[in-house]
Every structure is written in C-alpha cells, then in structure tokens.
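The listed protein sequences derive, respectively, from chains U and V.
Going by our numbering, the letters in the first sequence line up with residues 701 to 1104, in that order.
Going by our numbering, the letters in the second sequence line up with residues 2 to 604, in that order.
Idealized CB from N, CA, C, for every residue including glycine.
Okay, so here's the structure we're looking at.
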Amino acid sequence: MASQDGSDISPVFEAQRSAYVHVPFCRRRCFYCDFPVSVTGDRRHGGNFSPVDRYVDSLCQEIQTWSGQGKMGLETVFFGGGTPSLLTVGQVEKILRAIDGVFGIVPGAEISIEVDPGTFDRDKIAGYIGSGVNRFSLGVQAFQDELLQVCGRSHSVAEIHSAIEILNAVGADNFSIDLMSGLPYQTPQQWQESLSKAVAIAPAHISVYDTIVEPKTPFARYYEPGVFPLPDDDTSAEFYRQTQKVLTTAGYEHYEISNYAKPGFQCRHNRVYWHNRSYYGFGMGATSYVNGQRFSRPRTTTKYAQWVETFVANNGKINCEVVTERDRLLETLMLGLRLAEGVSLDAIASEFGQETVDTILEILQPYIEKEWVKMIPERNAIRLSDPEGFLYSNAVLSSLFADG
Amino acid sequence: MTDVPVSRIRNFSIIAHIDHGKSTLADRLLMRTGTVENRKMKQQFLDNMDLERERGITIKLQAARMNYTAKDGQHYVLNLIDTPGHVDFSYEVSRSLAACEGALLVVDASQGVEAQTLANVYLALEHDLEIIPVLNKIDLPGAEPDRVIEEIEEVIGLECTGAIRASAKEGIGVDEILEAIVRSVPPPQDTVSQPLRALIFDSYYDAYRGVIVYFRVMDGTLKKDDRIRLMASKKEYDLDEIGVLSPTQIQVDELHAGEVGYLAAAIKTVEDARVGDTITLATAPAESPLPGYTEAKPMVFCGLFPTDADQFEDLREALERLKLNDAALQYEPENSTAMGFGFRCGFLGLLHMEIVQERLEREYNLDLITTAPSVVYKVENNDGETILIDNPSTLPSPNERRKIEEPYINVEMITPEEYVGPLMELCQTRRGEFKDMKYLTPTRTTLVYELPLAEVVTDFFDQMKSRSRGYASMEYALIGYRENNLVRLDIMVNHDPVDALAIIVHRDKAYPVGRSLTEKLKELIPRHQFKVPIQAAIGSRVIASEHIPALRKDVLSKCYGGDISRKKKLLQKQAKGKKRMKAIGTVDVPQEAFMAMLQIDRG
C-alpha cells in the first residue's frame, strides 16, 4: 500500500487520554487463558507485605515516574486482569489517587474494573464506587456449571447470580458481562440458554468472545480447533450469527466484532484501542502506546518490579521503536474495521494520502462485491458487514496486509 | 613449491560412509603435515559449501597437496583427492578414484561397512587402487574393531592385517596412516616423456577467472604458457595460470605426470571442462583420450516454478548461474496451465535435486514451487516411434501410444538382519522383484532387489531409513527399461485439472494412490470460503474424490490494547502465507501440496 516514508516528518502524537492498569492476580488460571497473570491460590493476603501490596507499590512507582508527560486529564481508566476484584478497596483507591495525582482524571471519566464472581461482596463494590469506579465488567463466560469446569473457572453459576444481585443491589447499573462461545462440549442449546440468561439480566453491555485455542495453554494441550469436543467451524460460525440475532433483537447494538451495548453504553476505553489512539498502560505485562511507541512490560511480577526500578532510574524513558507509518496504517485498518462505524476514508486520506485510500479500495473491491465490505457514503467510510464481513474479517485484513 | 620426483608422489582418496569421519580425518592429515595451520583450520576444511557443512556430506570434491617427511627421512608429496559421498555422484567418484593410486577405506569401528562404502571400494578395486583399511572412532565405547575387521575381510575380501586403528577426532593413528600411504600406495608411473594427458576430476566456476579445473596429470607435462585442448568438448584455450592446491591455490610453472593441480583458462562454463574429460596440448595432442568419460545423464526430473510469476527471469538467470558450475543440471522452459512459466529440470538423483532447489531458494532468494519428481519414460507412439517423456502431463493419451517403458534399477541394501522383513515388505509394495539375499556376517545382510526407479525417487530412501531405524544403507545402479501397464493419474482441484499434479503410476496402484493423494491434498490445501472438490481421474473416469469443506469463519474474536502487536503479527503471517501460495483458478494451493506425492502412504 502506498505510504510515504515517514522519516522526514516526525508525526505529532496526540496526548494520552486513557490508562490501562493491569492487575495480574488470579485465584487460579483458566484453561484457555494466556494473559500475564500471577496465580495466588485461594488464600487471602493480609498484612502490609503481601505480594499484592508489593505489586501495587511498584505500580504506583511506575505511575509516578510518568509525571514528565504533563497533566492532560484522563477520560478513561480501565482495571483489567487477571482478577482486579482481588484488590482491596484501599488498593484501588491508592492506584486511582496516584493516577489522578500525575495525570488528572477528568470529571465524568469512565473508570472500569473487571470483577469475577466469588471475589467480591457488597461492601467491596460500594467501596470501589466510592473511590470513583463507575463501570464493572463481570467475567461470566457461561451459565452452565459443567462448562465453567471445563474452562477451569474458579466460580459456579450460583456465584454468577449472587454477583449480579450484588451489583444491582449497590446500584452499579453500568456493568458488562463477558461470555464465551465455542467452548468444549458446548451445545447450541447451551449457547442459546447463555444468551437468553444474559438478555434476562439486561446488562448495559455484553462482550462475546469466540474461544481461541492459544498456544501453551491447557486448552492447546487438550483440544484441536474445529475438532470435537470443540465445535466445528460451521457450528461456531452459527453461534456467532445466533448471538448477533438474539442480542440485536434484544436492543443491543453490535458495535464491534465481539461487543454489544445498549445505546450510550459502548466501552469508551476500548474504543480508544479500536480508534488506534494513544493510551497509557501500567503494570506487569501491560502495553502502552505513547508517543508512537508500543511498549510491552515484562510478564512476571519479579521482572516487572525490576523493570520499574530501571524505569525510575532512567527518569521514565522508554526505549523501543516508533511504529512506522505503514504499520500505523495497517493498525488503523485492522482495529477500525472491527467497529460497526468502520473507518473514515477522509481520515485515512488526511493522514496517509488519497493514493492510499485508492489502493485500499482497489484491494477491497472483491470483498465489496461479496458484500463483506460495505461503503457508508454519507460518512465516506468503509465497514465490514454484520455478520458475514465480521466473520471473515481476517481474510479481508490479510489481503490489505499482503498487497502493499 | 619444491620439485619432487614421481617416485615420491602419492595420490590417494578417502572412501567412507557419511558420518564415518572422512572429513575429520582429512582435517587431521592437513594439520599433521602442516598444510593448514591449526588456527586457520575451519572444521572440515575440504567441505567448502555451506550446504555441505550443514548436511555433513561432501558434494563438491576438492583436493589438497601435502608435504610430508616420512620416517625414512625422505620428502614426499601426498595428494588427497576428495570424493563426494552420495550415490547421485557415483560418476564423479569414479573419476576421482581414477586419478589415484590408493585409497583409505575408513570404516566406523562401531558401525561396520555400509552399502555406499562397498560400492566405492569395488569401484576403487576396479581401478586397481591399493586400499588401506582404517578403523575410525576407535575411542568410542561402542567400538568393535575386531568384528568390523572380520566384516571387511568377509564382505570385501580385503586383507586387514595391516588395518590401522584410529580416531580422527582424537588424533589417534594419524602418523600410522601417513606412513602407510607412503609405504603401500604405489607411486604414479613415470610417463613424463609421453604426450600430455590430464584427467579432470573436478571443476568449478569462479566469477573472476572462469572455470577452475582440478586435474591429475597422467602423462607428460603441462606448462603455464601452454595452449590446451579438451578432448571431449573439443575446445581449446590458452592457459592463464596453473598451480597446486595446498589446499589454497599456489601458482607453479609446470606440472608433470603424477602431479595434481588446477588450471584457469577463461573457460566459460564447467560444461566445457567436464569431469572425466582429458586435457591435452593443442600443439601436440595425445592420440586418444583417457578412458571412462561419460555424458551426464539426468535420472530424475521435476518442474520448478516461481511462486511469483515476476521471478521467472530471476529463476532463469539463477539456473544459468548454477549450470556454469554444474554440468549435470539440465533445464528447459516449461509452460504449465496451472503454474504458469517455469522450468523442467533434470538431476542426477534426489539429493542433487534437493541441493539445487535449496541453493536456488537460499542463494538466489527465490520462492519456488517444485512438482513431484518424475523419471524418464520411453513411450512408443502409434507410428512406432519411441519418444522420451520426463513430464507426466505430456504423456500421449492411451489411444495415441502402444506401450510405455520405465527405467529399472538394481538396489542393494545392507541392513542388520532384524530389518530384513520390513525392507522386503517395502520393496514389495514398490513393485520390487527380489533378486538375492546374503548374510555378510551372522547379523548383517545384503538384500538385492530390482525396482522401478519411479518407485524409488519418491520417499523410498526415507522409508528405508525409518523402517531400519536408520541402520540400513543403499546403493543403486540403472539396469535398463521395462514395459509396464502404466497410466496417467490426473488431479482436479475445484474441477480444474492441475497438470503439475499429474503422475504416472502402475494401473494396479492407481486406486490406492489416487485415494491417498486426494486425502493428502485435502489436508494440505487450506479451506476457502467455498467448498473445494479434489478428484483423481484416469482419463475421464474419476477414481477418487474428496472435498475441502468451506471455511465458515476467519476472525480474531478478541483484540484489546495489549493484543494489538500480536494480532498484527498473526495477520502478517496469514498475509505472507497467502503470498506463497499458487492460485489454481480461485483456489490458493500451498507449495507443499505439489510435493504431496512424496508424503502419501503407499502401503
């Protein structure tokens, strides 16, 4: 794809208005998970010297070290994991205070936290809300105990229901639930059941992830994609279509490949990623995208703590490559085409040139004919169609990646 | 370079099976005689090409001149002429041996004699070479020198009382070997007064000086200002330089009978100075050339196609360049409906084929698709003419031909006796005819079969190795052509016949092969957004059929901030995979699919 050599002009990167905080602790590792986590077991950590406290210290130290960036004001903060709900209210408060102190958190900012059933009570949720959290993401995954076991989840269906009761009781009405389709042994009936139950709970937001067998996970040892007990391709594609039908009928917007929201409740934080904008990332394994540098932190707590020391010693300097213009273009397309709103061709033209837009349209022509890619003339944008275009998004994207 | 009388020259080579330690021993000899200093020693000095070093085998042979003061106080010149260690290059081996008076037979004391070694020893005996048995790796705990000596005596009939026990790795026995060479290998005959005849045993192309020819002067003298004639290629050249290999090239003024050296004369391609050709003087030519020259005859053919059609000219250039250095390589343009423009290439054997492919990809940066190897069939058409077919897709249809003959080889395998059963079974499934079985020793056996070459050029060697847990070795020789009931099996992908996948098989095996091949292709060709039928047919009759189900989804469900680089890499990989595939109609077919024939289970 045509793109000028960006070496002569160094692009001016916009200021970060979002921050991701990684909380790696989990009671156990789920069988499909390849995230950077630190397994704590079921014991509770008390005292001032628990590993979680030590981690929160490193995290706050890292945050402090970014202070040279200036206090632009953050519009979204996201606590992801791991299991952030293993943090005490005090720990969350401490982290948010550190962030606010360094960057400022604007009034009305979206502050999300991922919570898992069985790890919180009413007091904790109320405490989180008191410290500023205003959006919760509940890891449900399935509404069948047998499937939760297959996944190695550390909670039961009963705990899901009591978790939802807690959220409703304390007035945490802006919450999302995560579901997984295409799990081992999962039947179409079970999936329909999960969707119906989700709709009955009526959360503001629902994320639905098709199971991916990631290398080196227990799933990779037990299963082969497309082969029983995993559903075959036809079935998991059917799950995807079924999801789209059920959730859109229930009034959710299918605003991203795997995400559904009631109007006004799209996840603002994740939209920053999909718009390929800059964001801070703090904590073990977290990635930040600051000044055009995508930087991933070490994926164990010890290595992360060591890295923070060096980072402090360097006065907050990150040494890594700046994303090239071509890569930035590919990322913009790869991420933007995940969204139902698509990618604005005017924006591409102003950032990468009209020639680039012409090349993109030429490559996409066969897919436009197949109706996997649609033009949105009123906004001069392109998007993937729902559900077919979304289902084959890799085929479309890899063509963009190949021809250039 | 000091002049040494003919009586104090010794020309020898080393015969050994792969891994039995030939190159290490050669290195030792070079170091011990001070030819190469210790610190300059690259491991395995004689194996020059990267590929050779990686595979641990010698492909291009070379030579080295060593000065040695023996225990008798005399100065000797020892010329080591290396030989390639693979059956594909048996002609080159025979020319190297013809340039020597003696050979070291190196046998791994923990293993024993292998088929390839045996073949080369017989070749050496035919050339009247004095053979010095060396038992190598004597330091290994598993060494059984007495058993191996017994085996050499019984199998080859070679007297082994003087056998040297050595360890090239540890430097044990190296002095004894040097002394034995001086004592046992006869000096060359003193024929300095006769007209010049020098035997070419190797040549390679040098971009600056043209072809560098390695030769042994058999008769007469060659001087640096001579004009030479090559008796087979009938070309004449003025010499630019002559010299010896020590082992780097050192120029000299003249070389006389018995000596080994190199020459450069602005020769444009190795085809003009092929191995086995005789060098004589243009002004005073010898009456007849040295015996043993043979034209290179490729036995195995395959199609080579660039994945990217734009690389066709690059491929042509690369083949031209390789050909400068490889007289046995043949190629001519081929136009395949499925694959576009490429080349039909002929090779001495499978290893030769693999080496060429690998060099094209590695040294010339080409992305190639190779079709399954084929042999040369003799087809008699309705006019009674015999035509040669090296490409299955060009086989005349059944009503346009009277008969097809295919090449047969005599295969000799040496194996520990417990693998005789599995190997016989292998040969039977490959249409082999049993000829002979002999016990070499109570536990080792030779097994002789006659087999169609076509059945051997696929995966026979790998099968033999796996069925014998790596212990069996083999050697083969072409024995002629035989008529068989052969048919062409066509493969259709999404109803399009793919000429590059067509194969010639025996009618009795067409069904199982067709079935395995369609099954394999189903595995190798990725899913598309539509259903892809794969069929095997003889003429218009479909005999096997499979289909690749349509791809229903191709999506990365989750993509959060930390995932972006990883997802991008996945897409880049997918994009790259797409680029390396060949589009057959609307179906993208990966490179491996064109070699599917080598991967199928043939019973």
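Here U/Phe779 is not near U/Ile825, since their CB atoms are 8 Å or more apart.
Residue environment: V/Arg445 is assigned as buried (16 or more neighbouring CB atoms within 10 Å of its CB, all protein chains considered). Each residue's CA atom was taken as its position, placing U/Lys794 and U/Trp891 some 40 Å apart. Interface with chain U (8 Å Cβ-Cβ cutoff): V/Val556 is included.
Counting along the chain, V/Arg217 sits inside the beta strand (DSSP E) bounded by residues Gly211 to Asp220.
Restricting attention to V/Glu401, V/Glu362 and V/Arg345, the CA atom closest to the CA of V/Asp391 is found in V/Arg345. The C-alpha of V/Tyr409 lies about 21 Å from the C-alpha of V/Lys466.
In the displayed model, U/Met1034 falls within a helix according to three-state DSSP. A Cβ of chain U is located within less than 8 Å of the beta carbon of V/Leu552. In this structure the region 125-132 of chain V does not touch the region 142-150 of chain V; the number of beta carbon pairs closer than 8 Å is below three. By the criterion of a C-beta distance shorter than 8 Å, V/Pro188 is surrounded in its chain by Val7, Ser8, Arg9, Ile10, Arg11, Glu102 and Gly259, once the five residues flanking it on both sides are discounted. Proximity of chain U to V/Ile565 at the Cβ level (cut-off 9 Å) is accounted for by Tyr973, Asn976, Thr987, Tyr989, Arg994, Glu1031, Met1034 and Leu1035, in chain order. Per DSSP, the unbroken beta strand (DSSP E) holding V/Ser546 starts and ends at Arg542 to Ile549. Residue pairing for V/Leu479: DSSP places it in a beta bridge opposite V/Ile410. Contact residues of the region 515-546 of chain V toward chain U are Gln530 (C-beta to C-beta distance below 7 Å).
Boundaries of the alpha helix (DSSP H) around U/Tyr1067: Gln1054 to Glu1069. Closer than 7 Å at the C-beta level to chain V, one finds these residues of the region 1063-1097 of chain U: Phe1090, Leu1091, Tyr1092, Ser1093, Asn1094, Ala1095 and Leu1097. By the 16-neighbour rule on beta-carbons within 10 angstroms, U/Glu956 is buried. Where V/Met438 is concerned, the enclosing beta strand (DSSP E) starts and stops at Glu434 to Thr442.
For U/Gln849, the three-state secondary structure derived from DSSP is helix. Annotation: the continuous alpha helix (DSSP H) that includes V/Leu352 extends over Leu351 to Glu364. V/Phe461 is positioned such that its CB atom lies no closer than 8 Å to that of V/Ser375. Just so you know, the alpha carbons of U/Leu787 and U/Ile877 end up roughly 19 Å apart.
Per the C-alpha coordinates, the member of U/Gly1042, U/Asn1015, U/Val972 and U/Thr1056 positioned closest to U/Glu810 is U/Val972. Beta-bridge annotation (DSSP): V/Thr387 is paired with V/Glu381.
In this structure, the beta-carbon distance from V/Ala17 to V/Ser247 does not fall below 8 Å. In the structure shown, the three-state DSSP call for V/Ser247 is coil. Using a Cβ distance threshold of 8 Å, V/Asp273 and V/Leu231 count as a contacting pair. CA-to-CA, the gap between V/Val212 and U/Thr1010 works out to about 59 Å.
Every unbroken stretch of the beta strand (DSSP E) spanning 3 or more residues and falling wholly within the region 253-333 of chain V is given here in chain order: 255-257, 261-265, 279-282 and 301-307. Exclusion of the five residues before and after U/Ala950 leaves Val899 as the residues of its chain whose Cβ lies within less than 7 Å of its Cβ. The beta carbon of U/Ser988 sits closer than 6 Å to those of Tyr980, Gly981 and Phe995, all from its chain and outside the five residues before and after it, given in chain order. At least one beta carbon of chain V lies nearer than 8 Å to the beta carbon of U/Ser936. Counting other Cβ atoms within 10 Å of its Cβ, V/Tyr123 stays below 16 and is therefore classed as exposed. In this structure, V/Tyr420 and V/Tyr472 form a Cβ contact; the two beta carbons are roughly 6 Å apart against a cut-off of 8 Å. In the structure shown, V/Lys404 falls within a strand segment according to DSSP collapsed to helix, strand and coil.
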